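Some notes on the structure that comes next.
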Amino acid sequence: MCSPVFDRMLSSDFKEKTATEIPLPGKKADEIEELLRSIYPYVEHRICEENSFSLLELSCEYQLDRLKARCEKYFMYKSMTNDEALEFVVMAQRHQLSNELIQRCMQRFVSQETNWETLKKNELFSQLEPRYSQQLVEERVKYLEKRLTSCKSTIEVLKMKKSDKDDDDHGPCSYRRHFMMRKRFRELEHSSPFD
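The numbering used here applies: residue 1160 is where the sequence shown begins, and numbers increase by one.
Below, the structure is given as structure tokens:
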């Protein structure tokens, strides 16, 4: 059986073993139906936006490792907003999903334009384990430092272009070039061709 939990429920001395109907308190019928469709052999039920979170929750509760891995793979390749990235990190730490998924979500979140105050006000941020909130802050600082360096480089290039444009605005010879040419001319005037 694909679930050790189901195996114990249906094979051991639990009352569910002989029951024709098994109550699952707190579970929604449509989510259980999605779960069953996802674990039936020879049927590859698609994981999508609508069922991904409930399937992950149920796969963890009933120890369905293959389904859990499929849910994780879905989350790895899903495009996400800032809030979703933060939600995925919280979900991944709660369900002990791969560090690769957590890192991808963190990178996704870090590279998006998010105000620090907005982040701190997000209730999901307070649910992050300290190591992830620290990593998030460190990664964000690195990202912003790279952006700052890039902006500084762009400013330098623009200054050089402006300087060249200013030189070009004064005719074919810039003041600087004109000054250098006059200086060279005076040197030539005062030097003897026989020196």
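Think of the CB as a built atom: it goes at the ideal place given N, C-alpha and C, for glycine as much as any other residue.
Treat the numbers as computed from the prediction; the structure is a model and nothing was measured.
With 16 other Cβ atoms within 10 Å as the buried cut-off, status of residue i
i: SER1197; result: buried
i: GLU1276; result: exposed
i: SER1322; result: exposed
i: LEU1223; result: buried
Contacts around residue i, its chain only, beta-carbon distance under 6 angstroms, and the 5 residues preceding and following it disregarded
i: GLU1190; result: SER1213
Residue range of the unbroken alpha helix (DSSP H) whose run includes residue i
i: TYR1236; result: 1224 to 1236
i: GLU1277; result: Rather than Glu, the amino acid found at residue 1277 in this sequence is Thr. Looking at the DSSP string, the run of the alpha helix (DSSP H) that includes THR1277 is 1275 to 1280.
i: ASN1258; result: 1258 to 1269
i: SER1211; result: 1211 to 1220
i: MET1250; result: 1241 to 1253
Other residues of its chain near residue i: CB distance less than 7 angstroms, five sequence neighbours each side excluded
i: CYS1219; result: LYS1227, HIS1254
i: THR1308; result: none
i: SER1257; result: GLU1231
Same chain, Cβ closer than 8 angstroms to residue i, five either side skipped, listed in chain order
i: GLN1252; result: ILE1261, LEU1287, GLU1288, TYR1291
i: SER1270; result: TYR1302
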